[in-house]
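Numbering (the working numbering), first residue to last: 1 to 142.
The C-beta atom is built at its ideal place from N, Cα and C for all residues, glycine as well.
These numbers come from a predicted model, not from an experiment.
Working notes, structure below.
As structure tokens, this is what we get:
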């Protein structure tokens, strides 16, 4: 059975991808660090699709994520979980590094031991250099 675990499912892209998968008939487990938002922000709720939600923060709940991986045995993991706001990375670089580097690397370690995994997809948000300079007038080295 093809079972997807979608990390970062509360993001616009993550929620839309969950809806796409569920519409195609796949089993979908949606996971995000924050509680599931109002249905207005979740396309899979608009269409009453069968998507299970679990609250897991890859920065703090890796053991719970590991237990979920072992119990559910997803064949596919799609990771939308990221700190993508360039301006925020300047204000809180430790948050960016923890999520995008440290916790993602620890996630990889768990995934490589998962014998049910057929595919891992890491989604990278698209931001431009121009976006990163807004509010940072002397950011010429970016």
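For residue 119, the secondary structure class from DSSP, reduced to helix, strand or coil, is strand. One Cα belongs to residue 15, the other to residue 81, and the distance between them is close to 12 Å. Between residue 52 and residue 30 a beta carbon distance of about 7 Å is seen, short of the 8 Å cut, so the two are scored as contacting. If you draw a straight line from the Cα of residue 12 to the Cα of residue 20, it comes to about 12 Å.
In the structure shown, the three-state DSSP call for residue 76 is strand. Counting the other Cβ atoms within 10 Å of the Cβ of residue 118 gives fewer than 16, which makes it exposed.
Residue 41 counts as exposed, since fewer than 16 other C-beta atoms from the protein chains shown sit within 10 angstroms of its C-beta. Less than 8 Å divides the Cβ of residue 58 from the Cβ of residue 99.
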